[in-house]
Structures are given as structure tokens and as C-alpha cells.
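Asks: Taken in sequence, the protein lines are chains A, B and C. If you're matching positions, the first sequence starts at 1 in my numbering and goes up one per residue. If you're matching positions, the second sequence starts at 1 in my numbering and goes up one per residue. If you're matching positions, the third sequence starts at 1 in my numbering and goes up one per residue.
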Amino acid sequence: MRHIAALLLALPAAAALAAGGAAWVKLPGGAFRSALKYEDASELQIAPFELQKRPVTNAEFLAFVQANPQWRRDRVASVLAEPRYLSQWAGPTTLGDAAQPQQPVVQVSWFAASAYCEAQGARLPTWSEWEYAAAADETRRDARSDPAWRERILAWYSRPSNKALPRAGLQAPNAWGVQDMHGLVWEWTDDFSSLLVSGDNRMQGDADRLKFCGAGALSMDDRENYAVLMRVAMLSSLEARDTTANLGFRCARDVK
Amino acid sequence: MKTFRNVLFGLPAALLLLAFAAVAAPAQAPLPRDSVYQLPAVLTDQHGKAWDWRSKRGTPQVVAMFYTSCRYVCPLIVDSGKAVEHALGPEERAKLGILLISMDPARDDPRALMQVASKRNLDAAHWSLASPPADSVRSVAGVLGVRYRQLADGEFNHTSALVLLDREGRIVARTEQVGTRLDPEFVAQVRQVLRAP
Amino acid sequence: MKAATCRHALFLAAALAVALGGCKGAQDGAETRPVAAGDTGGSLKGDFGPPQGKPVEAVLTSPPHVPPPTGRHAPAKVIVELDVVEKEMEISEGTTYTFWTFGGTVPGSFIRVRQGDTVQFHLRNMPDSKMPHNIDLHGVTGPGGGASSTFTAPGHVTRFTFKALNAGLFVYHCATAPVGMHIANGMYGLILVEPPDGLPPVDKEYYVMQGDFYTSGKYREKGHQDFDMQKGIDENPTYVLFNGREGALTGDKALTAKTGETVRLYVGNGGPNLVSSFHVIGEIFDKVWFEGGTRFQENVQTTLIPSGGAAIMDFHVEVPGSYVLVDHSIFRAFNKGALAILKADGAERPDIYSGKEVDAMYIGDQANANLAAVGVAAKAASTGELTVEDQVKAGQALFAGTCSTCHQANGEGLPGVFPPLAKSDYIAADPKRVATIITHGLQGPVTVNGHDYNSLMPPMAQLTDDEVANIATYVLNSWGNPGGHVTKAEAAEIRKGPGISTGGSAEGH
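1. Between the Cα of Ser-424/C and those of Ala-397/C, Gly-483/C, Leu-386/C, Asp-39/C, spot the shortest distance and give me the residue it belongs to.
2. Please name the residue or residues paired with Asn-157/B in a DSSP beta bridge.
3. What does the alpha-carbon distance come out to for the pair Gly-29/A and Tyr-116/A?
4. What are the boundary residues of the beta strand (DSSP E) that Pro-445/C is part of?
5. Give every residue of the same chain whose Cβ lies closer than 6 Å to the Cβ of Leu-325/C, excluding the five residues on either side of it in the sequence, and list them in chain order.
6. Please report the residue range of the beta strand (DSSP E) in which Gly-81/B lies.
7. Just the chain B side, please: which residues come within less than 9 Å of Leu-247/A by C-beta, in chain order?
8. Please name the residue in Ala-59/A, Leu-238/A, Val-185/A whose C-alpha comes closest to that of Ala-245/A.
9. Use the C-beta contact count for Arg-495/C: other C-beta atoms within 10 angstroms, 16 or more gives buried, fewer gives exposed.
10. Look at Leu-398/C and Glu-467/C and say whether their C-beta atoms are less than 9 Å apart.
11. Look up Ala-24/B in the DSSP assignment and say whether it is helix, strand or coil.
12. Check each residue of the segment 58-91 of chain A: if its Cβ is closer than 9 Å to any Cβ of chain B, include it; give the result in chain order.
13. Looking at the secondary structure, which residues open and close the alpha helix (DSSP H) in which Leu-62/A lies?
14. Taking 9 Å as the cut-off, decide whether the C-beta atoms of Ala-130/B and Trp-53/B are in contact.
15. Around the C-beta of Lys-488/C, are 16 or more other C-beta atoms found within 10 angstroms, so that it is buried, or is it exposed?
16. Classify Pro-110/B as helix, strand or coil using the three-state DSSP reduction.
17. Gln-103/A by DSSP, collapsed to three states: which one?
18. Do three or more CB pairs link the segment 57-64 of chain C to the segment 95-109 of chain C at distances below 8 Å?
19. Quick one: list the residues of chain A neighbouring Gly-401/C, beta-carbon separation under 7 Å, in chain order.
20. For the alpha helix (DSSP H) that contains Trp-100/C, what are its first and last residues?
21. By a C-beta neighbour count over all protein chains shown, 10 Å radius and 16 as the cutoff for buried, is Pro-415/C buried or exposed?
22. By Cβ distance, which residues of its chain are closer than 8 Å to Tyr-446/C, with the 5 residues on each side in sequence left out?
23. With C-beta atoms as the reference, is Gly-290/C less than 9 Å away from Val-275/C?
24. Ser-34/A to His-182/A, Cα distance in whole Å?
25. Give the straight-line distance between the Cα atoms of Gly-251/C and Glu-92/B, rounded to the nearest whole angstrom.
26. Rounded to whole angstroms, what's the CA-CA distance from Asp-430/C to Ile-471/C? Just pull it up for me.
27. Mind the definition here: the segment 53-65 of chain A touches the segment 115-133 of chain A only if three or more C-beta pairs lie below 8 Å; say whether that holds.
28. Run through chain A and tell me which residues come within less than 7 Å of Thr-96/C, C-beta to C-beta.
29. For the putative contact between Asp-47/C and Leu-165/C, defined by C-beta atoms under 8 Å, what is the C-beta separation to the nearest angstrom?
30. Give the residues of chain C in contact with Ala-155/A, contact being defined as C-beta atoms less than 8 Å apart.
31. Check whether the Cβ atoms of Thr-141/C and Pro-50/C lie closer than 9 Å to each other.
32. First and last residue of the alpha helix (DSSP H) that includes Ser-264/A?
33. Going along the chain, which residues of the segment 453-479 of chain C sit with their C-beta nearer than 9 Å to a C-beta in chain A?
34. Quick one: what does DSSP say Ala-333/C is sitting in, helix, strand or coil?
35. Output, in sequence order along the chain, the residues in the segment 107-125 of chain A whose CB is closer than 9 Å to any CB in chain C.
36. Would DSSP call His-47/B helix, strand or coil?
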């Protein structure tokens with residue numbers, strides 16, 4: 001694996017994409033208890049699925065844009081991506097110095113991320129799939145009850161967002177073999193807009209059943225799991241065309 | 001999820017014909033980049049006809065998302081559409097389309113959509129109730145700014161909004177106030193859009 | 001047992017209210033006593049003579065409801081019959097607790113009498129109770145507040161009579177030893193002694209009481225939970241709740257009101273330990289009878305309710321929506337359950353509150369991430385020759401991107417879990433260890449700077465030889481470590497060589 005990593009770094013950006021993106025990891029799924037309190041299920045069943053080992057990089061997204069020019073930042077429909085889309089690149093099809101090929105691509109909208117995954121014959125992961133894959137640390141499949149693990153994640157949140165992003169795949173893989181689920185970028189999920197929370201996240205146990213047509217806002221079941229809480233807060237603040245400087249994505253696909 | 005690339009660069013001829021045969025030819029000027037119709041979406045309406053929603057270009061639309069088996073707010077969405085109609089004069093009404101898009105295409109087939117249309121006496125000349133393909137619901141909701149979650153029992157939790165599109169499909173107003181009591185500012189915007197040439 | 005917390009702050013507030021509120025009394029409506037510069041005379045002036053008319057059965061209500069105003073204008077004899085019931089109830093979804101209650105609820109039934117009333121109090125302890133109980137009502141003038149006269153064994157009833165000489169909103173609670181435990185199990189409630197002319201009329205009155213709970217298990221740990229005495233002594237509650245149950249006043253059970261109404265909350269704090277910083281998100285208390293006393297303050301955002309104390313607050317509702325009642329010691333609200341909801345229905349008032357008007361893009365000052373840092377990061381992967389300084393800079397960026405998550409940005413690690421890298425005797429003993437551990441990982445017992453660790457660090461197989469060399473060089477030159485450098489070639493060699501054996505496998509953490 002590390003030989004491939006070394007090779008990828010040495011090759012020019014375009015050629016690096018030839019492999020079609022990062023490697024895939026197969027996750028078995030199964031019963032999973034979310035940190036969110038869903039009114040219709042206390043335990044979820046996650047079907048087996050595949051997830052990309054690391055987030056999509058600038059180089060990979062560049063190749064996609066070159067092959068699909070309607071996703072160039074100077075041609076994309078504004079309903080599908082806001083004006084900051086790919087603003088970190090030097091030009092519509094040039095990365096430039098501020099966007100290293102192996103850095104995770106950011107400033108991408110949900111529509112753009114979905115289109116990229118579709119082009120790979122894949123899709124964005126669902127929130128539950130993301131949560132399930134992210135529950136692991138390096139040695140355990142579910143490390144969520146370990147306060148030391150939660151502390152590590154909180155430490156990332158406390159670092160401000162104005163430093164350069166490291167390359168994708170820098171961190172050790174978790175117990176599933178997946179890298180960078182924490183500590184690198186926020187990631188889009190296919191159903192991010194299902195995270196129905198009140199703009200005022202203090203509305204736990206909201207009595208307003210009309211707000212979401214028969215349900216109040218979602219609340220947290222596991223209040224100590226700040227990792228999930230902050231991600232939910234982040235994703236629920238976004239519209240599908242939005243981009244931010246620390247929001248990227250990776251793809252998932254069904255197991256054949 | 002609708003395949004963006006395929007639709008724009010290799011749409012099967014049959015579908016293309018179907019889309020354009022069903023309605024009058026759209027305006028020749030290029031579609032503005034901030035038009036929701038930039039998102040390709042083929043809807044199947046209460047008459048069983050399938051058309052790209054781009055064919056609504058040329059007529060301002062009041063758009064909302066709903067599903068037929070919804071018990072809480074969705075009946076209010078229909079009420080809102082009717083309230084908008086009642087607030088307008090007959091010439092204005094003739095120039096406005098009302099488009100209700102289902103977030104539950106699995107169950108909202110043309111028959112189910114027609115049932116709602118007949119039960120609520122919706123004027124077929126102006127009201128379209130339609131379902132997108134299952135893999136397009138998320139994107140249509142995304143451009144309209146509607147959020148939803150499907151529950152285990154098939155019901156949905158969702159936000160509710162009326163979205164006003166101009167002739168080119170640009171969002172010019174939206175209101176979260178649904179029901180017979182309309183947001184007067186939204187009605188004013190509807191009037192303004194209908195007045196524009 | 002009278003609370004004595006925060007007297008200084010409240011004296012100040014009282015003085016303020018006299019200054020500000022002194023002239024406002026006349027505006028409140030005919031039934032309010034004018035709050036003039038003098039005082040009401042206290043208990044000395046609170047005896048209005050013997051009870052008149054037929055004895056009255058007190059109307060007791062379960063929370064969150066409040067009995068109607070007495071409407072009396074003369075002192076009466078009031079009969080109060082209150083049961084003590086020990087019962088197991090849910091404290092949180094899926095979590096049960098054995099509560100000791102007055103009237104079968106936590107808090108116990110609300111009692112409403114008028115100043116000057118003679119109250120004949122019957123305390124009945126259910127036969128299936130395990131413990132004897134009594135009652136101390138803070139509105140009673142007399143030894144123990146009634147406790148010494150109401151010590152009741154299971155299957156017994158005791159009775160005593162008192163005259164309510166002072167007006168106010170008073171806590172009552174069980175005072176049987178160990179008192180802290182009885183209170184912690186939910187044995188508290190409120191008794192309102194109306195001033196002679198009653199309180200100004202309002203549209204809705206509600207009864208809310210905060211309490212802290214101490215269980216052996218963690219917050220929301222499912223199953224039956226026991227009382228934990230040590231946590232009580234340490235004042236470290238598991239739950240801080242309104243009305244004895246998480247979610248007692250949320251969702252379908254939220255308090256309700258209509259816009260245009262004036263709402264009054266009678267809020268008590270049973271404790272046993274915590275003081276409440278009571279606040280309603282989105283509303284301001286138009287009037288607060290702080291500490292449940294005679295004078296009121298106006299325009300208050302958050303009011304202190306002492307443990308074993310209470311307060312009355314009025315506010316007028318203008319805008320529809322959900323208003324969240326919290327203890328503004330905010331971790332209690334979101335991590336221990338001190339949260340309730342008042343749902344107000346009515347027409348929108350965009351002139352008072354518009355909702356979100358704008359959500360647009362904000363560019364900021366267009367400053368991108370420091371380009372120098374990016375250049376450094378690029379060099380981190382380069383195959384050219386780097387100076388030690390360059391390696392250190394590159395290594396620092398890489399370290400921040402992965403190693404710091406466990407070892408911290410300052411190399412201090414996490415005590416007992418992740419060993420420090422800063423001024424490490426383990427590194428000083430053999431600097432080659434740094435690159436070896438990065439490439440091979442380490443598990444088993446190690447001692448660093450006098451402390452033992454027994455964890456597992458996986459091999460960082462995802463790092464290139466360049467990255468290993470740069471990170472190792474950075475670590476060696478930071479935080480008092482011996483210095484030196486590791487080249488890419490050396491890193492490659494070390495990767496091929498053996499790892500470090502500690503003779504054990506990880507205990508895990």
C-alpha cells in the first residue's frame with residue numbers, strides 16, 4: 001500500500017487519477033446504534049457497503065472536471081454550486097500552488113460531489129453509513145464510549161481552520177481500514193438534508209410538531225458524543241449548493 | 001441519483017423526444033445559470049405523462065413538495081396553492097402554474113396523484129402533481145431548499161415551503177407559511193412576477 | 001432548614017427593587033398591595049385573627065398545574081391531606097429510579113393558602129413505604145417547620161396545625177435523616193401563601209421545580225438506577241431535571257400558552273445541592289418576585305433560585321414559538337436534562353421578531369491559508385534534498401496533521417494513555433527509536449519520564465519515507481529532545497529493519 005502511495009506522490013496529477021481514485025474498503029454493516037435519537041428506530045441495520053479509503057483529492061476532482069466541463073467553476077449552474085465553488089484552484093482546470101494534488105478537494109457542493117461519485121459508478125455515503133464507519137479508532141470498531149477518543153476528536157475542532165490541509169491519507173487507518181474520518185475535513189453525505197434540526201440546536205424535545213410535518217427537531221441520544229453532534233450541526237446548516245473551505249467528501253457504493 | 005452527465009451528454013433519443021413532444025418548444029435563449037431547471041428532472045404527472053420540468057419554462061410556477069399519504073402539513077400545502085389562486089384575479093390565475101412535487105415516488109404513482117387532484121378539485125389547467133424518479137428526489141429537494149427524512153413506516157418528516165419561480169425558473173420568493181392564511185409578501189411577489197413581460 | 005445562599009446578591013437586588021419598584025405598585029391593578037417604602041410587617045403583622053367560616057378542603061394539584069386563587073378575604077381553616085408514596089418511575093427514557101414522593105409526583109402536590117389561614121396538616125405515609133417520613137414546610141413558623149411534629153411511620157398518619165403568618169412561595173420537603181437522600185429522591189414541593197389581596201391575575205399559571213439527582217450509573221444509562229450517596233456528598237449530580245423526569249415538560253407535555261397571554265411560573269428548587277440560574281430562552285421576565293418574597297424586580301433575564309428556595313415570575317408572550325426553560329449553568333441543561341419547553345401559539349409578529357431574514361454568502365477578507373505553509377507541505381513529499389530546517393518545518397505540518405491527535409501539538413501526550421514526546425528520556429536513550437516506532441508501531445509496557453504506559457500505536461504504513469524522515473527530524477528537534485536528523489534513506493532502512501519489542505502486548509485503553 002505504501003508503495004502505491006509513494007508512486008502517487010511522484011506522478012503528475014493527471015496520471016494519478018488514472019487509477020480512478022482511492023482504494024475501496026468493504027464494511028460488513030450490521031446492527032448499529034446511532035448517537036442521534038430517531039423516533040422510528042432505536043437501532044439501525046446498515047447493509048454491507050464499500051467506502052473509499054480516504055476523501056477525494058484535488059487531483060481526482062480535477063480529472064473529473066476536465067472530463068465533465070459542465071462542472072468547471074466558470075460554467076457550472078449557480079443553482080448547483082455557489083460562487084466559491086473550487087475557488088481554491090488557480091483556474092477552472094488548473095490547481096495552482098494553493099491546491100496541492102493530494103490535498104482533499106474542498107469548496108465543492110453536494111451536487112458536485114454527487115456528480116463525481118456518480119461518474120465513478122458510486123454514490124455519496126448515507127449519514128448512517130458515515131457514522132458507522134467513523135465510530136472506529138485504530139484498533140476498535142466502536143470506540144465511541146472511550147473518553148480519550150472523544151478528546152482526540154474535540155482537539156481537532158479546537159484548531160482553527162486557517163492552516164493548510166495535509167494530504168488525504170496521512171492518518172493511520174481505523175479498524176475498518178478507512179482513513180481521515182476525523183481530523184481532516186467535514187464530508188458530505190447523500191442524505192445530509194435529512195438531519196432535521198432546529199436552527200437553535202437547544203431545541204431538544206421540541207414541542208413544535210408542525211415544523212417538520214409530524215415531528216419535532218432531531219435530538220441527540222448520546223450527549224457526550226461531540227464528534228457526531230458537531231457534524232450534525234455542521235451538515236444541517238448547509239444547503240445543497242453550498243461549499244466551505246473545510247468540507248470535502250468521499251464516495252460509497254453498494255456491495256454487488 | 002440522476003446521472004447528470006448522461007442527461008446532458010447522451011440522453012437517450014426516446015426520452016428527449018418524449019420531453020419535447022409533450023409540450024410546446026421552450027424559449028430559444030439560453031437558460032440562466034440560476035434557474036432551477038438547470039437541474040434535469042423528468043417528472044411523471046397525475047395524467048401519467050412524463051416531462052422534463054424544464055418544459056414549465058415560460059410560465060411562472062408556485063412549487064412545493066409533498067406526498068399524498070401525508071396527514072399533517074401536506075393538506076395545508078394544497079390549501080396554500082388554492083389560497084394563492086383565490087388571491088389572484090382570473091387573468092392572473094390563467095398565467096400561473098402550481099406544481100406539487102412528491103417526495104414519495106414509490107407510492108405516488110399517477111393514480112395516487114390523480115386522487116388528490118380530484119378530491120381537492122384542482123384545476124387541471126394550472127395544477128400539476130408529479131413524481132420524480134426515486135433517485136432524483138434528493139436533488140430536486142436540494143434546489144428547492146426542502147429537507148426531508150423518510151421514516152421506517154414510510155412516512156416523511158419534512159420542511160414545508162412554497163417556492164415562487166419566474167418564467168425562467170429562477171427562485172424569486174419563498175415562504176414557510178403554509179395554510180389558508182397566506183404570507184401577504186409572498187402573494188405580492190406572485191403578482192409582480194405575473195406582471196413582468 | 002432554611003437555605004442561606006447568595007444573600008449578598010439578593011440583598012442588593014432587594015434594595016434595587018425597593019428603589020425601582022417602590023413607585024410602580026400602583027400601576028399593577030387594584031389587587032396588588034402598594035409596595036411602598038415601608039415593609040409589610042412580617043409575621044408580627046401576619047396574624048389576622050382566628051379562622052372564620054367553615055373549614056375549607058385545600059385543592060391540591062399535581063405538577064405542572066396550580067390550584068386556582070383562593071379568592072378569600074378573611075382567614076380560614078384549611079385542611080390539607082398529603083400522602084407520602086414511595087414508587088419506582090422513569091427518570092429518563094429506559095431508566096428507572098425509586099422516588100420518594102409527596103402525592104405520588106415529583107415535585108409533590110402544590111398547596112395554595114392565604115396569609116393568616118390556619119392550616120390543619122395531615123401527613124399520611126402509605127403502608128407499603130419502607131421509610132418513615134416527615135415534612136418541613138418553609139412557610140411554617142415553628143420548630144422544624146413542622147418536621148418535629150410530623151415524623152410518620154409507614155402506615156401511619158400524623159397531624160399538626162400551623163398559622164401561615166408570612167406571605168410568599170415556600171418550599172416544603174422531607175426532613176428525615178439522611179435528609180440529603182430524602183430530598184434527592186424527590187421529596188419536595190411548593191406551598192404558596194398568598195398575600196392578603198392575592199397576586200395580580202394572569203392567564204396561565206404553571207408549577208415547575210428543579211432538582212438534582214444522583215445515580216450510581218451514568219447519565220441515561222438504561223435500567224434501574226440506585227441513589228449514589230457519595231455523588232450526593234460530592235455534589236456531582238447525574239441528572240438535573242425539571243419536575244423529576246427528563247422530558248417531563250417537553251414534546252407533548254410541553255407547557256402551553258397563547259400569544260397575548262401573561263404567563264406566571266411558580267418555580268422551586270428542591271436541590272438538594274445545586275443553585276439554579278433559571279432562564280427562559282427567548283423571553284424576559286417582566287416581573288420576578290425573587291426568592292418568592294414580597295417585592296419584585298422587573299425585566300430580568302436569569303434569576304437565581306437557591307437550593308431550598310423558590311421564585312415567582314410573570315412574563316407576557318408576544319411571539320409564537322417554543323421557549324426553552326433552562327438552568328443556565330448550561331451543561332446541566334444539555335448534558336443532565338435541565339430543560340423544559342413552553343409552546344406559545346398564535347399569529348406571527350414580524351414587527352417584533354422576524355425570523356431569519358438573510359442567509360447569504362460572506363466572503364471574509366479572502367485570506368487563503370498561508371501559502372508558505374502549503375509550500376512546506378508540498379516539500380514534505382518531495383524527493384529533493386532538504387536542509388534540516390526545511391525538514392523540521394515540513395515535519396511540523398505533518399505532525400499537526402496526524403501525530404498531534406494523540407501526542408498533542410506540544411508533544412505532551414495524554415497522561416496514562418499516550419506517552420509524551422516532549423523532553424522524552426525514552427527518545428534520549430536512543431534517538432533512532434523515533435523513526436522505528438513511526439514505521440513499526442509500538443505496543444506493550446513502556447516507561448517514559450517516570451510514568452508507565454501500555455497502549456498500542458499502529459505502524460504508520462500510510463506515511464512515505466520522506467514523511468517519516470521529516471516527522472522524525474521534527475520530533476528530535478523539538479521540546480528539549482536531543483536533536484539530529486533522519487534522512488529519507490535512513491527512514492527506508494529503518495522501515496525494512498526490525499521493530500521494538502517491549503515484551504508485552506497492549507492492555508488497551
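The C-beta atom is built at its ideal place from N, Cα and C for all residues, glycine as well. It should be emphasised that the depicted structure is a prediction, and the values quoted were computed from it without experimental measurement.
Replies: According to the structure shown:
1. Considering only alpha carbons, the answer is Gly-483/C.
2. BP columns for Asn-157/B point to Arg-149/B.
3. Distance between Gly-29/A and Tyr-116/A, taken at the CA atoms: about 24 Å.
4. For Pro-445/C, the enclosing beta strand (DSSP E) stretches over residues 442-448.
5. Around Leu-325/C, the same chain offers Val-280, Ala-340 as residues with beta carbons nearer than 6 Å, after the five sequence neighbours per side are excluded.
6. First-last for Gly-81/B: 74-87, but that is the alpha helix (DSSP H), not the beta strand (DSSP E).
7. Here the premise fails: no neighbours, minimum Cβ distance about 15 Å.
8. Among Ala-59/A, Leu-238/A, Val-185/A, the Cα nearest to that of Ala-245/A is on Val-185/A.
9. Around the Cβ of Arg-495/C, a 10 Å sphere holds 16 or more other Cβ atoms; the residue is buried.
10. Yes.
11. The predicted model places Ala-24/B with a pLDDT of 48, which falls under 50 and marks its position as unreliable; any figure quoted below should be read in that light. Coil, per DSSP.
12. Correct list: Ala-67, Asn-68, Gln-70, Trp-71, Arg-75, Val-76, Ala-77, Ser-78, Val-79, Leu-80.
13. Per DSSP, Leu-62/A belongs to the alpha helix (DSSP H) from 58-67.
14. With respect to Trp-53/B, Ala-130/B sits close: the two C-beta atoms are nearer than 9 Å.
15. In this structure Lys-488/C is buried. Its beta-carbon is surrounded by 16 or more other beta-carbon atoms within 10 angstroms.
16. When secondary structure is reduced to three states using DSSP, Pro-110/B falls in the helix class.
17. Look at Gln-103/A here: in three-state DSSP terms it is coil, with no helix or strand label.
18. The segment 57-64 of chain C vs the segment 95-109 of chain C: in contact.
19. Scanning chain A for C-beta atoms nearer than 7 Å to the C-beta of Gly-401/C yields Pro-166, Leu-170, reported in chain order.
20. Run containing Trp-100/C: none in the alpha helix (DSSP H); it sits in the beta strand (DSSP E), 95-102.
21. So Pro-415/C ends up on the exposed side.
22. One detail in the question is off: residue 446/C reads as Val in this sequence, not Tyr. If we look at Val-446/C and ignore the five residues flanking it on each side, its Cβ neighbours are Pro-419, Tyr-426, Asp-452, Tyr-453, Asn-454, Thr-502.
23. The sequence shown places Phe at residue 290/C, rather than the Gly named in the question. Result no, Cβ atoms of Phe-290/C and Val-275/C do not sit closer than 9 Å.
24. Straight-line Cα distance between these residues: approximately 17 Å.
25. The alpha-carbon atoms of Gly-251/C and Glu-92/B are separated by roughly 43 Å.
26. Roughly 16 Å between the two C-alpha positions.
27. Judged by pairs of C-beta atoms under 8 Å, the segment 53-65 of chain A touches the segment 115-133 of chain A, as three or more such pairs exist.
28. Counting only Cβ-Cβ distances below 7 Å, Thr-96/C has no contacts in chain A at all, with the closest Cβ about 17 Å away.
29. About 6 Å separates the Cβ atoms of Asp-47/C and Leu-165/C, confirming a contact at the 8 Å cut-off.
30. The answer, in chain order, is Ser-404, Thr-405, Gln-408.
31. One thing to note: Thr-141/C has its Cβ no nearer than 9 Å to the Cβ of Pro-50/C.
32. This structure cannot speak to residue 264/A, because chain A is shown only from 1 to 256.
33. Here the close residues are Leu-456, Met-457, Pro-458, Pro-459, Met-460, Ala-461, Gln-462, Leu-463, Thr-464, Asp-465, Asp-466, Glu-467.
34. Here Ala-333/C carries a helix assignment [DSSP, helix/strand/coil].
35. From the segment 107-125 of chain A, no residue has a Cβ closer than 9 Å to chain C.
36. Coil, per DSSP.
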